[in-house]
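Residue numbers (this note's numbering): 15 to 323.
A virtual CB, placed ideally from N, CA and C, is assigned to each residue, including glycine.
For reference, the structure is listed below as structure tokens.
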Amino acid sequence: MLELKDFRTKVHNDWCPGCGDFGILNAVQMALFELKLEPYNVAIFSGIGCSGKTPHFVNTYGFHTLHGRVLPIATGAKLANTALTVVAVGGDGDGFGIGAGHFVHTGRRNLDFTYVVYDNQVYGLTKGQSSPTLPKGEQTKSMPFPAIIEGINPIATAISSGYTFVARSYALDVRHLKEVLKAAVLHKGSALVDVLQTCPTYNDINTKEWYAGADLPTKAPRLYKLEDTGYDGTVKNPTDHNEVTQKKVQAMTRSFEWGDKIPIGLFYRIQQPTYEDMIATRMPSFKEVPLTKQDLYGRDVTDLFQELS
Ligand code: SF4
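Listed below in structure tokens is the structure:
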């Protein structure tokens, strides 16, 4: 019988004490366990950064890839074996900086997989330079000057790129993050989970005290859950263009709330044909039997050559 410890490894973890990555790691392991996924049916891919070590700590198949290249590699794995549950992880610098082009075009495909971004607004592994999500004008302790360019909005970018499940959670609210991750993995299509992650070593602005609102006159937590407000980001009729547009605009509008109040939870969800569905319209066997289990070399391709000649 599967136990939570079956998703843990004995690899030494060298993340800094108090790092929000620990919360994300725990939530990933708990989500996979509660979904009753067998470790040998799951593959976790990572880019470069502190988050890149995640596959070392989760007892599934794993691949620590190159900076910014986690999404094409995860895409290749999913296409090769559609039976796999694929989870890609990476930092905000990895995904929205060098990997930004892959981020956009992966969303357009709507491949059935989950992308978890450890969003701490800095490049932690290389001593805390500003990442693409640090808002303009902010200055963390290792920066000589405040950021002079605008940060990007991952939620709005994901929705406009075509991701069909777009959510945000918080690394230190493991219960909430675990539930968001479970919903993301169960979703058929490309799911982005942007996780606000504390980096106590380099980000001295967006600390756990800051997220808790300790600096505000009200002392009220900055983070609030969309689901507690009656917000509903799920498209009921995906063929209704007006509803789809209205839900996208609603989600994007909420995603720009940043300051005294910051929403977390599910911003947008729609069921649409996946990349795998679209390939199967041309190649029915693609969904019936994963490519890794097909006898590709023994196939008679005479018809194909005649068509191309
Ligand atoms: Fe975590 Fe920041 Fe340390 Fe990296 S540098 S392990 S993100 S606290």
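Judging by CA-CA distance, which residue of the options is the nearest neighbour of residue i?
i, options, result
"Thr154", "Tyr238, Asp126, Cys213, Thr74", "Cys213"
"Gly76", "Arg22, Met15, Pro31, Cys30", "Arg22"
"Gln285", "Leu237, Gln320, Val207, His201", "His201"
"Thr96", "Lys307, Asp218, His26", "Lys307"
"Phe47", "Thr74, Pro31, Gly61", "Thr74"
"Phe59", "Val72, Thr171, Val188", "Val72"
"Cys64", "Leu125, Gly34, Asn55", "Gly34"
"Gly111", "Leu206, Ser269, Gly61", "Gly61"
"Pro168", "Val209, Leu191, Val188", "Val209"
"Gly82", "Ala91, Gly66, His26", "Gly66"
"Gly247", "Met157, Ala294, Trp272, Ile278", "Ile278"
"Thr221", "Glu302, Leu186, Leu240", "Leu186"
"Ile87", "Tyr129, Asn256, Pro304, Asp106", "Tyr129"
"Val232", "Ser323, Phe270, Tyr238, Asp274", "Here residue 232 turns out to be Thr, not Val, going by the sequence shown. The option with the nearest alpha carbon to Thr232 is Asp274."
"Pro287", "Tyr177, Ala45, Gly151, Ala114", "Tyr177"
"Asp20", "Glu52, Tyr238, Glu241, Glu302", "Glu52"
"Asp28", "His70, Ala45, Ala170", "His70"
"Ala91", "Phe127, Phe159, Asp317", "Phe127"
"Glu223", "Arg189, Gly32, His26, Leu16", "Gly32"
"Cys30", "Leu305, Lys239, Gln211", "Gln211"
"Gly109", "Leu318, Ile166, Ser156", "Ile166"
Since residue i sits in a beta bridge, which residues does DSSP pair it with?
i, result
"Phe127", "Ser204"
"Ser183", "Val209"
"Ile58", "Gly76, Val101"
"Gly279", "Arg182"
"Thr248", "Arg283"
"Ser144", "Val136"
"Lys328", "The displayed coordinates of the chain run from 15 to 323. Any statement about residue 328 would go beyond what the structure contains."
"Arg22", "Val72"
Assign residue i to one of two classes, buried (16 or more other C-beta atoms within 10 Å of its C-beta) or exposed (fewer than that).
i, result
"Pro298", "exposed"
"Ala181", "buried"
"Lys24", "exposed"
"Val101", "buried"
"Arg236", "buried"
"Thr259", "exposed"
"Ser145", "buried"
"Lys261", "buried"
"Thr253", "exposed"
"Leu206", "buried"
"Tyr132", "buried"
"Val263", "exposed"
"Leu148", "buried"
"Gln43", "buried"
"Ser183", "buried"
"Gly115", "exposed"
"Phe270", "exposed"
"Ala45", "buried"
"Ala265", "buried"
"Gly303", "As written in the sequence, residue 303 is Val, which differs from the Gly given in the question. Exposed."
"Thr171", "buried"
"Asn55", "exposed"
"Asp229", "exposed"
"Ala106", "For the sequence presented, residue 106 should be read as Asp rather than Ala. So Asp106 ends up on the buried side."
"Asn251", "exposed"
Considering only the beta carbon of each residue, do residue i and residue j sit closer than 9 Å?
i, j, result
"Phe179", "Ala161", "no"
"Gly104", "Val84", "yes"
"Leu93", "Tyr311", "no"
"Phe117", "Ser174", "no"
"Leu125", "Val194", "no"
"Arg123", "Ser204", "yes"
"Ala57", "Thr99", "yes"
"Leu39", "Thr68", "yes"
"Val4", "Arg283", "Residue 4 lies beyond the range of the chain shown here (15 to 323); nothing can be said about it."
"Tyr216", "Gly142", "yes"
"Gly37", "Leu139", "no"
"Leu49", "Val199", "yes"
"Ile276", "Tyr225", "yes"
"Ile219", "Glu321", "no"
"Gly227", "Ala234", "yes"
"Asp291", "Lys301", "yes"
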